[in-house]
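Student:
Number of protein chains: 2
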Amino acid sequence: MAEIKKIKPSLPKGTRDFLPEEVAKRNYIFDTIKKVFRKYGFQQIDTPAFERLETLTGKYGEEGDRLLFKILNSGDYLKDAPEAELQSKNSAAITKHISEKVLRYDLTVPLARYVVQHQSDLTFPFKRFHIAPVWRADRPQKGRYQEFYQCDADIIGSTSLLNEVELTLIYAEVFRVLGIPVYIDLSSRKFLYGFAKLCGAENNFIEFTTIIDKEDKIGSARVKEELNTLTAGTGDKYIDLLPLMYMTEENYEERFENIISKFKVIDSQDGIDGLTEIQIVLEAILKYKYPSDRISFTPTLARGLGYYSGIIWEVVLNKPQILEDFNKEIEMGSLGGGGRYDNLTEMFGGRDMSGVGISFGIERIYDVMEELKLFPAELGETTKVLFVHFDDASEAYAFEALQKVRAADIASEIYPGRRKLDKQMNYANDKKIPFVVVIGGDEMASGKLSFKNMASGEQQKLNIEEIIEKLRS
Amino acid sequence: MAEIKKIKPSLPKGTRDFLPEEVAKRNYIFDTIKKVFRKYGFQQIDTPAFERLETLTGKYGEEGDRLLFKILNSGDYLKDAPEAELQSKNSAAITKHISEKVLRYDLTVPLARYVVQHQSDLTFPFKRFHIAPVWRADRPQKGRYQEFYQCDADIIGSTSLLNEVELTLIYAEVFRVLGIPVYIDLSSRKFLYGFAKLCGAENNFIEFTTIIDKEDKIGSARVKEELNTLTAGTGDKYIDLLPLMYMTEENYEERFENIISKFKVIDSQDGIDGLTEIQIVLEAILKYKYPSDRISFTPTLARGLGYYSGIIWEVVLNKPQILEDFNKEIEMGSLGGGGRYDNLTEMFGGRDMSGVGISFGIERIYDVMEELKLFPAELGETTKVLFVHFDDASEAYAFEALQKVRAADIASEIYPGRRKLDKQMNYANDKKIPFVVVIGGDEMASGKLSFKNMASGEQQKLNIEEIIEKLRS
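Below is the structure:
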C-alpha cells in the first residue's frame with residue numbers, strides 16, 4: 001500500500017451495506033424461513049455467484065439478457081475480439097468475445113442446471129431451498145436494487161398434488177411465525193386454459209390472461225369490454241363466473257360443480273383438472289385450520305410467467321386485517337409467489353421433470369416488518385452483559401468474571417481499554433446491551449458486583465454466580 | 474423461453490456447486506464460528522458483492538489488480554471507449570472505460586470503506602464479523618477456487634491489548650468446539666523491528682523478515698548464512714535467541730527478560746513493547762487454561778502482509794497431536810491468521826483508527842474436518858421421520874398424522890405421490906432419514922402405526938403421540 005490515493009467512500013448505485021442491526025433483522029427473517037423449510041424436509045443448496053454466459057443467456061427474454069451483469073475476461077481480453085466490431089464500437093457484438101461469465105440473475109435457471117448436472121447425486125423427489133443474492137442491471141429506484149436476495153423452495157421430480165398442499169402450508173406457517181397478516185391467492189394455469197376456451201379465447205391465451213390479470217386495476221366492466229374485443233363478442237359470456245369464486249363460501253362446492261359442468265360441455269380436461277386441483281388444495285388447507293378468509297381461488301391471478309403449467313400462488317398483504325390489527329394502510333407488492341412448471345430441466349438436456357416451487361420476497365417482507373414493528377425487541381444477536389471497570393486491577397478482575405459468564409454460554413463483553421465510566425455506559429446503550437456489571441474497589445473487596453439493568457436503571461449487588469443466574473432467566 | 478438451445482450443464486472453472494450434505498457441513502462450521510463471535514460481542518455486517526473500481530484498485534498490489542474480476546458496464550459500454558486504444562487492442566488501458574465495478578476481493582478493504590462511510594452509525598470500538606464469498610481470477614487448482622468464503626472478525630478503534638487476548642481466546646474456543654487440534658503461533662511486528670535492529674538489519678526490514686520467515690523451510694543454518702550476507706556479518710549474532718522462545722517453558726520469563734535487556738541496550742522501544750505485549754497475551758491465555766503446549770511465541774512467524782503493526786497470529790494444525798489422536802498425517806496450510814494494523818481507514822480519508830482482526834480459513838477447515846471425520850453424524854438439517862403409505866386413504870391418514878408431528882416442531886416429511894414401498898424406503902435411506910412411519914390398513918384400523926428405526930431395523934407399533942415422544946428424545 002505504498003501510494004494510496006484517498007477517495008471518498010461510496011457504493012455502486014443500487015447496492016447496499018447492511019449495518020449490524022439490519023443484518024440481525026435480515027437473519028431473523030432468513031432463520032425463520034429456513035427453520036420452516038427444514039421442518040418440511042427441504043435441504044439447502046448453493047451455487048456460484050456467476051455462471052457461464054451461455055447458461056443464462058436467452059433464458060430470461062431479451063430484457064433479461066440486457067439486465068445480466070457480464071464479467072470481463074481476465075488478462076488480455078481484447079486479443080481475440082473481432083477488429084471490425086471493435087472499430088464500429090458494436091458493444092452488443094463484442095460482449096461474447098470479452099465475457100464468458102455472468103452474475104446469477106435468479107435461482108431458478110441455476111437450479112435447472114444443478115439438477116441436470118448432479119442428477120446422480122440427488123435424491124428425487126428433490127426438495128431443495130436456496131437463499132442467495134442475485135444481481136440485475138436494473139435502473140435502481142426506491143425498493144429496487146441491483147443486488148437483492150431471493151429465497152426459493154422447490155420440489156423437482158414429483159407430480160403429486162401433495163406438494164402444492166405442503167408449499168401452501170409453508171407459506172401459511174412462515175407468515176404466521178413472522179406475524180405478517182397475508183392473503184394467499186391461488187390460481188391455476190390449467191383452469192385458465194379451460195376458461196379461455198370457454199370464452200372463445202383459446203387461440204389468444206396470453207392476451208386473455210393479460211386482460212383478466214388486470215381485473216383488480218381496471219375493473220370488471222373494462223375486462224368484459226376488452227374480452228369482447230379479443231373474442232369478437234363471445235368473451236364476456238362466462239366472465240361473471242369468476243368473481244363468484246373469490247372467496248371460499250359455504251356453497252363453493254356448487255359453484256365449482258357449475259363451472260366443471262361447463263368445462264365438460266366444451267370437453268376441456270385442462271379446465272376440469274385445474275379446478276379439481278384447486279379444490280383439493282383449498283380443502284386440505286382449510287382442514288388444517290388455515291383461516292378460510294385468508295386464502296381463495298383467485299382466477300384473475302394469471303401471472304405473467306409463461307412457464308407455469310399448474311397451480312399458481314401469490315401472497316399479498318391482508319390489508320383489511322392490517323387496518324384492523326395495526327390501524328395502518330400499507331401499499332406493497334406481493335410478498336411471495338410461485339407455481340408448478342414443466343420441463344424446467346429440458347433446456348439443459350435433462351429428462352422431463354415436473355417441478356413446483358415458491359419464493360419469498362425477502363426485501364418486501366423486511367419493509368413490512370419494519371413498518372408493522374414486527375421484529376422482536378431482542379434479536380438474539382446482542383451481547384447480554386457488558387463489564388465496565390476503572391483501572392488495571394478492576395479490568396483484570398472483570399476479565400476473570402467475564403470468563404465465567406462466557407463459560408455459561410452467555411454473550412458478554414468487557415469494555416476494551418481505559419475510558420470514563422459514562423463512555424463505557426454509552427457503549428452499552430449504543431449496542432443495546434441490556435445489563436452492565438460495574439467493577440470497582442468495593443466490588444473487588446466484597447465480591448458483590450454492581451449489576452445494572454440498563455432499561456429500568458435498577459442496580460443490585462450480586463456475586464458472579466447470582467449474576468449468571470439472572471442472565472440465564 | 475420460446476427457442477431453447479440445449480446446452481450441456483457446466484460451471485465456470487474454479488467455481489463449485491454445493492450438494493445438500495456439503496451445505497449442511499459448511500453451515501455447521503459457519504454456525505459454530507458465528508456463535509462464538511456473538512458470544513464475544515461481535516456483530517455481523519454485510520457489504521455488496523461488488524464495489525466501485527476505484528475502491529478496490531491499487532489496494533492489493535499489481536498482482537491483486539490483475540486478479541480482480543471486473544464487471545462490464547451495462548448498455549452500449551464501448552460508446553465512450555477511446556478509439557485509439559480499441560484499435561490497438563490495449564486491454565489494460567480500455568478496462569477503466571468499460572468497467573466501473575469489480576467483485577469483492579477480500580473483506581478487509583470493504584471493511585475500511587464501510588467504517589469510514591458509516592462512521593456516525595457505528596459504535597466504537599466497532600466489533601464486527603463478516604462471513605461472505607470473495608472472488609479472485611486466480612488460476613484454479615486443487616483446493617484453490619475463484620469463489621471462496623472469507624470469515625473475519627475485527628475490532629476497530631481500540632488499541633487495548635485486551636482485544637488481542639479476546640481474539641486469541643476466540644481462536645482457542647472455535648477450534649476446541651470444532652474438535653480440530655491446532656497450534657497457535659504468535660508473533661509481533663514490533664518485536665521484529667527491535668530484533669532486526671539488534672541484528673543490524675533495521676534498514677533491510679522486509680528482507681530480514683523474509684529470511685527468518687523461511688526458517689521452518691530452510692533451517693537455521695541457512696537462515697544464519699542469509700542474515701550474515703544481508704547484514705555484512707552481524708546478522709547471526711543474536712539469532713540463536715529465537716528458537717529458545719518457541720515453547721512456553723518454565724523459565725520463559727528469564728528468557729524474555731534476557732532479550733528485553735538487549736533491546737534496552739540498543740534503545741528499541743518497539744522491541745520492548747512487542748515482547749511485553751506477547752508476554753501479556755500469552756500469560757492471559759495460559760491463565761484461562763489454554764494448553765501451554767498448543768501456543769507459543771514464534772518469532773520466526775513474520776508473515777508477508779506488510780500492513781500488520783503489532784501482534785500477528787497464525788493457526789496451524791497441531792500435527793503431533795493429530796498423529797497421536799487420529800493416527801493420521803495431514804499436510805495443510807494455515808487454518809487462520811490475523812494481526813493488528815494501523816491506519817486501515819486512512820485510504821478512505823477516515824481518522825486514524827487502529828484495528829486488529831483474525832480470519833478463519835473456511836475451505837481448509839472443511840477439508841480437515843472431512844479428513845478427520847469431525848462432522849457430527851446428525852447435522853440437524855435432516856428430516857427426522859418420513860411417513861410412507863400405499864393408497865389415497867393411507868396417504869390422507871399419514872398426512873394428518875404428519876401435521877401433529879410438525880406441530881411438535883419436528884422436521885418430518887410424507888413421501889409425495891404413489892410409489893412402491895421399497896422406493897419410498899430408498900428415499901428415506903438416501904436422505905439419511907433415521908425413522909419411517911409405515912401406514913397401511915392395519916395401522917389405520919388400530920391407530921397403532923409401524924415405527925421403524927432405519928439404522929437398527931427395529932420396528933414398533935406405536936400411536937402418534939408415542940411416536941412424537943420417541944422423536945423428541
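Those protein sequences? They're chains A and B, same order as listed. Take the first sequence: its position 288, counted from the start at 1, is 288 in the working numbering, and no numbers get skipped. Take the second sequence: its position 13, counted from the start at 1, is 486 in the working numbering, and no numbers get skipped. For glycine and all other residues, C-beta sits at the position ideal for the given N, C-alpha and C.
As a quick exercise: from 821/B, 576/B, 498/B, pick the residue whose alpha carbon is nearest that of residue 7/A.
Tutor: Measuring from the Cα of residue 7/A, the nearest candidate turns out to be 821/B.
Student: Quick one, which of 612/B, 583/B, 539/B has its alpha-carbon nearest residue 488/B's?
Tutor: When each option's Cα is compared against that of residue 488/B, the closest is 612/B.
Student: Expressed to the nearest angstrom, what Euclidean distance is found between the alpha-carbon atoms of residue 69/A and residue 706/B?
Tutor: About 58 Å.
Student: In terms of alpha-carbon separation, which member of 809/B, 910/B, 774/B lies closest to residue 790/B?
Tutor: Residue 809/B is the option with its Cα nearest to residue 790/B.
Student: When you compare the CB positions of residue 299/A and residue 187/A, do they come within less than 8 Å of one another, or not?
Tutor: A contact, by the Cβ cut-off of 8 Å.
Student: Looking at the strands, I want to know which residues DSSP matches up with residue 151/A.
Tutor: Beta-bridge pairing links residue 151/A to 131/A.
Student: Taking a cut of 7 Å between CB atoms, which residues from the region 10 to 22 of chain A lie near chain B?
Tutor: So the list reads 10, 11, 12, 15, 16, 17, 18, 19, 20, given in the order they occur along the chain.
Student: CB residue 168/A to CB residue 354/A, shorter than 8 Å?
Tutor: No, the Cβ-Cβ distance between residue 168/A and residue 354/A is not below 8 Å.
Student: Just reading off the alpha helix (DSSP H) that residue 255/A is part of, what are its end residues?
Tutor: 252 to 265 is the extent of the alpha helix (DSSP H) around residue 255/A.
Student: Name the DSSP beta bridge partners of residue 897/B, please?
Tutor: Its beta-bridge partners do not exist; DSSP assigns none.
Student: Below 9 Å on C-beta distance, what does residue 650/B contact in chain A?
Tutor: Neighbours of residue 650/B on chain A: none; closest Cβ ~11 Å, over 9 Å.
Student: Considering just the uninterrupted stretch of the alpha helix (DSSP H) at residue 330/A, what are its terminal residues?
Tutor: Element bounds for residue 330/A: n/a, residue is neither H nor E.
Student: Does the beta-carbon of residue 420/A have 16 or more other beta-carbons within 10 angstroms, so that it is buried, or is it exposed?
Tutor: With fewer than 16 Cβ atoms within 10 Å of its Cβ, residue 420/A is classed as exposed.
Student: When you compare the CB of residue 107/A with every CB in chain B, is at least one pair closer than 8 Å?
Tutor: No - not a single Cβ of chain B is within 8 Å of the one on residue 107/A.
Student: Indicate whether at least one CB of chain A lies closer than 8 Å to the CB of residue 629/B.
Tutor: False, the Cβ-Cβ gap to chain A never drops below 8 Å.
Student: Would you verify that the beta carbon of residue 516/B is, or is not, closer than 8 Å to some beta carbon of chain A?
Tutor: For residue 516/B, the answer is yes, since a Cβ of chain A falls inside 8 Å of its Cβ.
Student: Evaluate contact between the region 144 to 157 of chain A and the region 76 to 94 of chain A, counting only Cβ atoms and requiring at least three cross-stretch pairs below 8 Å.
Tutor: These segments do not touch.
Student: With DSSP run on the structure shown, which of helix, strand or coil describes residue 519/B?
Tutor: Residue state, collapsed to three classes: strand.
Student: Identify, in the order they occur along the chain, each residue of the same chain with its Cβ nearer than 7 Å to the Cβ of residue 110/A, setting aside the five sequence neighbours on each side.
Tutor: Result list for residue 110/A: 47, 51, 104, in chain order.
Student: Let me know the secondary structure DSSP gives residue 862/B once reduced to three states.
Tutor: Strand at residue 862/B.
Student: Looking only at C-alpha atoms, which of 602/B, 838/B, 579/B, 598/B sits nearest to residue 516/B?
Tutor: When only C-alpha atoms are compared, the closest one is 602/B.
Student: Output yes if chain B places a C-beta closer than 8 Å to the C-beta of residue 1/A; else output no.
Tutor: Note that residue 1/A has pLDDT 42, beneath the 50 cutoff, so the model's placement of it is unreliable and no number is given.
Student: When DSSP labels each residue in this structure, what does residue 240/A get in the three-state scheme?
Tutor: It is coil, neither helix nor strand.
Student: How far does the alpha helix (DSSP H) with residue 644/B in it reach, from first residue to last?
Tutor: Per DSSP, residue 644/B belongs to the alpha helix (DSSP H) from 635 to 651.
Student: Can you find a C-beta in chain A that's less than 8 Å from the C-beta of residue 720/B?
Tutor: Reliability of the predicted coordinates at residue 720/B is poor, the pLDDT of 47 falling under 50, and no value is obtained from them.
Student: Taking the beta carbon of residue 229/A as the centre, do at least 16 other beta carbons fall within 10 Å, making it buried, or is it exposed?
Tutor: Result: exposed.
Student: Is the beta carbon of residue 143/A closer than 8 Å to that of residue 329/A?
Tutor: No, they are not a contact pair.
Student: Thinking residue 513/B and residue 403/A are a contact (beta carbons under 8 Å), I'd like their distance in whole angstroms, please.
Tutor: Going by Cβ atoms, the distance from residue 513/B to residue 403/A rounds to 11 Å, so no, they are not a contact pair.
Student: Straight-line CA distance for residue 387/A to residue 653/B?
Tutor: Taking the straight line joining both Cα atoms gives about 31 Å.
Student: Check whether chain A comes within 8 Å of residue 549/B, counting only Cβ atoms and requiring the distance to be less than that.
Tutor: True, the Cβ-Cβ gap to chain A drops below 8 Å.
Student: Can you give the beta carbon distance from residue 766/B to residue 114/A, rounded, assuming they're within the 8 Å contact cut?
Tutor: Residue 766/B to residue 114/A, Cβ: 46 Å. No contact.
Student: With DSSP run on the structure shown, which of helix, strand or coil describes residue 202/A?
Tutor: Note: residue 202/A maps to helix in three-state DSSP.
Student: Please tell me whether residue 331/A has its Cβ less than 8 Å away from any Cβ of chain B.
Tutor: So no, residue 331/A is outside the interface.
Student: On the CB-based measure, 16 or more other CB atoms within 10 Å of its CB, does residue 72/A come out buried or exposed?
Tutor: It is buried - the Cβ of residue 72/A has at least 16 other Cβ atoms within 10 Å.
Student: Give every residue of the same chain whose Cβ lies closer than 6 Å to the Cβ of residue 870/B, excluding the five residues on either side of it in the sequence, and list them in chain order.
Tutor: Result list for residue 870/B: 912, 917, in chain order.
Student: In chain B, which residues lie with their C-beta within 8 Å of the C-beta of residue 328/A?
Tutor: The premise fails here: residue 328/A is roughly 27 Å from chain B at the closest Cβ pair, so nothing lies under 8 Å.
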